[in-house]
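Here is the structure we will look at, set down as structure tokens.
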Amino acid sequence: MTDRSYLPYQSARNFQDRGMAKWAGFFLSEHSTALAKKN
């Protein structure tokens with residue numbers, strides 16, 4: 002986990018990054034578009 006203790010805001014210090022989960026929707030959308038163009 003990233004050390005954010007230097008940040009002034011409590012909400013920013015407690016932020017939990019979802020990692021690759023946040024990219025899943027983008028990837029799925031791009032992948033679907035590419036498949037549609039291929040056919």
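For the sequence shown, our numbering gives the first residue as 2, with consecutive numbering after it. Ideal placement from N, C-alpha and C gives every residue a C-beta, glycine not left out. Please read all numbers here as calculations on a predicted model, not as lab measurements.
Please return the same chain residues whose Cβ sits closer than 7 Å to the Cβ of S1, not counting the five positions on each side in sequence. Residue 1 lies beyond the stretch modelled for the chain, which goes from 2 to 40, so this question has no answer here.
Rounded to whole angstroms, what is the Cα-Cα separation between A25 and A35?
15 Å
Q) Looking at the unbroken alpha helix (DSSP H) that takes in R5, where does it start and where does it end? A) Neither: R5 is in no alpha helix (DSSP H) and is coded neither H nor E.
Quiz item: Would DSSP call N28 helix, strand or coil?
Solution: Per the sequence shown, residue 28 should be read as Phe rather than Asn. It is helical.
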